[in-house]
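>
Residue numbers (the working numbering): 52 to 423.
#1: Taking three-plus beta-carbon pairs below 8 angstroms as touching, is the region 71-88 in contact with the region 103-120?
#2: Excluding the 5 residues flanking residue 111 on each side, which residues of the same chain have their C-beta closer than 6 angstroms to its C-beta?
#3: Just to check my reading of the structure: residue 68 and residue 246 have Cβ atoms closer than 8 angstroms, yes? What is that Cβ distance to the nearest angstrom?
#4: Quick one, are the C-beta atoms of residue 306 and residue 349 less than 8 angstroms apart?
#5: For the beta strand (DSSP E) containing residue 143, name the first residue and the last one.
#6: Give me the Cβ distance between residue 360 and residue 416, rounded to the nearest whole Å; I'm assuming they're in contact under 8 angstroms.
#7: Unbroken alpha helix (DSSP H) runs of length 4 or more, entirely within the region 193-261: which are they?
#8: How many Å lie between residue 396 and residue 142 at the Cα?
#9: Between residue 217 and residue 268, which are expected to be in contact by the criterion C-beta below 8 angstroms, what is the C-beta distance as a whole number of angstroms?
#10: Taking only the alpha-carbon atoms, compute the straight-line gap between residue 347 and residue 316 and give it to the nearest angstrom.
#11: Buried or exposed for residue 151, please, with buried defined as at least 16 other CB atoms from any protein chain shown within 10 angstroms of its CB.
#12: Can you tell me whether residue 223 is buried or exposed? The criterion is at least 16 other CB atoms within 10 Å of its CB, across all chains shown.
#13: Quick test of your reading: residue 180 and residue 171, contact by CB under 8 angstroms. State the CB separation rounded to the nearest angstrom.
#14: Can you list, in chain order, the residues of its chain with a C-beta nearer than 6 angstroms to that of residue 148? Leave out the 5 residues immediately preceding and following it.
#15: What do you reckon, are the CB atoms on residue 235 and residue 205 nearer than 8 angstroms?
#16: Grab me the residues of residue 220's own chain with a C-beta within less than 7 angstroms of its C-beta, minus the 5 sequence neighbours each way, in chain order.
#17: For residue 422, tell me which candidate among 382, 409, 402, 71 has the shortest Cα-Cα distance.
#18: Which residue from 129, 99, 233 puts its Cα closest to that of residue 207?
#19: Cα-Cα, which of 101, 120, 168, 164 is closest to residue 135?
#20: Does the distance from the C-beta atom of residue 213 to that of residue 259 stay below 8 angstroms?
#21: Taking only three categories from DSSP, how would you classify residue 68?
#22: When the Cα of residue 226 is compared with those of 250, 202, 191, 238, which residue comes out closest?
#23: Pop quiz: residue 362 and residue 303 are said to be a contact at Cβ under 8 angstroms. What is the actual Cβ separation, rounded to whole angstroms?
#24: Do residue 92 and residue 128 have their beta-carbon atoms positioned less than 8 angstroms apart in this structure?
#25: Kindly provide the ranges of any alpha helix (DSSP H) runs that are 4 or more residues long and lie completely inside the region 267-337, ordered along the chain.
#26: Taking C-beta to C-beta, are residue 366 and residue 318 nearer than 8 angstroms?
#27: For residue 308 versus residue 54, is the C-beta distance shorter than 8 angstroms?
#28: So what's residue 98 in DSSP terms, helix, strand or just coil?
#29: What is the DSSP secondary structure of residue 158, counted as helix, strand or coil?
#30: According to the neighbour-count rule (16 or more other Cβ atoms, all chains shown, within 10 Å of its Cβ), is residue 312 buried or exposed?
#31: From 90, 419, 97, pick the residue whose C-alpha is nearest to that of residue 339; which is it?
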């Protein structure tokens, strides 16, 4: 089995840029939500084939869970699924939750990878983002996790922020370098429609960075990564040798996975399933009705398009043996045209983007899409 994802829709605060599914008013139903997660885990165990290669707790803020809640979830996981010593088990955590008690608890449960949502090392940025931590919390939290024995740590940073000059971004990466973590996920800030950030930009309380500044930030990121031993293995992801995210790699390589919890998505190789984005509805309906999720059978062309879209984001590209059928003459001509521009490479076994091509990843993939 590729992987299992568990969505924890609890957050301490509402970040201005976030459009994920979460709630900041969850105390009165947190126990019921954990119970519903366990029930879904139990009911869907038959979908798992073999040991779990990866287990990922995302959100939301999984690091808000208490010890009894973690124990309840892991008891159910061990009853219903096969976890091995080699399984990658990740928890998304916020810096303010990286205390000794939590870290030791997570280690005892078998969690062996942390994905820490730092976003910025500058307090001014953290303030308008409405984050719950300060810059010093982030640095101290990472160091504390390392002292507790975590040796596979990923950090999230956002670049292209309002008012963020290139010199500021360079300082962010210098701070990260000193922490000696194994993985970096770096995302360009996008202003999503239904977010507080969109409201602030429309009201001109924040000025979004222009594309030239964001491009300069990304170009420096690539140079920094190469100079500091980080492999650029996906558009937004960088790792030291041996520390790529196995869980996310299964998404990009179109492998099956199970998504548990409100708003979570699943994929079985042929169809997609997604759970309702409503905690109350989810709690009330799991195990009783089928109106808390939807399913879509992908057409042959939709599978083709999605494989190209996600696969070309990675250094491995798309394995030609995984595609359903050969390229048409028109598609082959498009590939050759991009190849002549040093944007795309086609070998007897795979199709992948050059470093220049990664700047146009979505557009190149779309040029090879098929329409039903």
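Yeah, the Cβ is synthetic: ideal placement off N, Cα and C, and Gly gets one too.
The answer reads as follows:
#1: Because the criterion of three Cβ pairs below 8 angstroms is met, the region 71-88 and the region 103-120 touch.
#2: Locating residue 111 in the chain shown gives position 60, counting from the first residue. For residue 111, same chain residues with a beta-carbon under 6 angstroms away, outside a window of 5 residues either side, are 59, 60, 61, 62, 73 in chain order.
#3: Translated into positions along the chain shown, residue 68 becomes position 17. Translated into positions along the chain shown, residue 246 becomes position 195. Between the beta-carbon of residue 68 and that of residue 246 there is about 6 angstroms, and that keeps the pair under the 8 angstroms contact cut.
#4: Indexing the chain shown from 1 puts residue 306 at position 255. Indexing the chain shown from 1 puts residue 349 at position 298. Taking 8 angstroms as the Cβ cut-off, residue 306 and residue 349 do not qualify as a contacting pair.
#5: Position 92 of the chain shown, counted from the start, is the residue given in the question as residue 143. Segment 134-144, the beta strand (DSSP E) holding residue 143.
#6: Against the chain shown, residue 360 aligns to sequence position 309. Against the chain shown, residue 416 aligns to sequence position 365. In this structure residue 360 touches residue 416 by the C-beta definition: roughly 5 angstroms separates them, less than 8 angstroms.
#7: Taking 4 residues as the minimum length, the alpha helix (DSSP H) runs contained wholly in the region 193-261 are 217-230, 247-253, in order along the chain.
#8: In the chain shown, residue 396 corresponds to position 345, counting from 1. In the chain shown, residue 142 corresponds to position 91, counting from 1. The straight-line gap from Cα to Cα measures roughly 35 angstroms.
#9: For the purposes of this step, residue 217 is taken as the residue at position 166 of the chain shown. For the purposes of this step, residue 268 is taken as the residue at position 217 of the chain shown. For a cut-off of 8 angstroms, the C-beta gap from residue 217 to residue 268 is around 6 angstroms, short enough to register as a contact.
#10: Locating residue 347 in the chain shown gives position 296, where the first residue counts as 1. Locating residue 316 in the chain shown gives position 265, where the first residue counts as 1. Taking the CA atoms as reference points, residue 347 sits about 11 angstroms from residue 316.
#11: Stepping through the chain shown from its first residue, residue 151 is reached at position 100. By the neighbour-count rule (16 or more Cβ atoms within 10 Å), residue 151 is not buried but exposed.
#12: As a position in the chain shown, residue 223 is number 172, starting the count at 1. Residue 223 counts as buried, since no fewer than 16 other beta carbons sit within 10 angstroms of its beta carbon.
#13: Here residue 180 corresponds to residue number 129 of the chain shown, with the count starting at 1. Here residue 171 corresponds to residue number 120 of the chain shown, with the count starting at 1. Between residue 171 and residue 180 the Cβ distance is about 7 angstroms, and since that is below 8 angstroms, they are a contact.
#14: On the chain shown, residue 148 is found 97 positions in, with the first residue counted as 1. 114, listed in sequence order.
#15: In the chain shown, counting from the first residue as 1, residue 235 sits at position 184. In the chain shown, counting from the first residue as 1, residue 205 sits at position 154. Yes, Cβ-Cβ distance for residue 235 and residue 205 is below 8 angstroms.
#16: The count along the chain shown starts at 1 and reaches residue 220 at position 169. Closer than 7 angstroms at Cβ, skipping near neighbours: 210, 268, 271.
#17: Counted from its first residue, the chain shown places residue 422 at position 371. Answer by Cα proximity: 382.
#18: As a working note, residue 207 is residue 156 in the chain shown. When each option's Cα is compared against that of residue 207, the closest is 233.
#19: Within the chain shown, the letter at position 84 stands for residue 135. Comparing Cα-Cα distances from residue 135 to each of 101, 120, 168, 164, the minimum goes to 101.
#20: Taking the chain shown and counting its residues from 1, the one referred to as residue 213 is at position 162. Taking the chain shown and counting its residues from 1, the one referred to as residue 259 is at position 208. Cβ distance < 8 angstroms, so residue 213 and residue 259 count as in contact.
#21: Looking up residue 68 in the chain shown gives position 17. It is coil, neither helix nor strand.
#22: For the purposes of this step, residue 226 is identified with residue 175 of the chain shown, where counting begins at 1. Per the Cα distances, 191.
#23: Here residue 362 is taken as the residue at index 311 of the chain shown, counted from 1. Here residue 303 is taken as the residue at index 252 of the chain shown, counted from 1. Sure, about 6 angstroms apart at Cβ, within 8 angstroms.
#24: Position 77 of the chain shown, counted from the first residue, corresponds to residue 128. Position 41 of the chain shown, counted from the first residue, corresponds to residue 92. Contact: yes.
#25: Assignment of alpha helix (DSSP H) within the region 267-337, counting only whole runs of 4 or more residues, yields 297-303, 330-336 in chain order.
#26: Taking the chain shown and counting its residues from 1, one reaches residue 366 at position 315. Taking the chain shown and counting its residues from 1, one reaches residue 318 at position 267. It is not a contact, given that the beta carbons lie outside the stated cut-off.
#27: Counting from 1 along the chain shown, the entry for residue 308 is found at position 257. Counting from 1 along the chain shown, the entry for residue 54 is found at position 3. Yes, these two residues count as a Cβ contact at 8 angstroms.
#28: For the purposes of this step, residue 98 is taken as residue 47 along the chain shown, with counting starting at 1. Note: residue 98 maps to helix in three-state DSSP.
#29: In the chain shown, the residue the question calls residue 158 occupies position 107. Here residue 158 sits in helix by DSSP.
#30: As a working note, residue 312 is residue 261 in the chain shown. Buried.
#31: Along the chain shown, read from residue 1 onward, the residue named residue 339 stands at position 288. The option with the nearest alpha carbon to residue 339 is 90.
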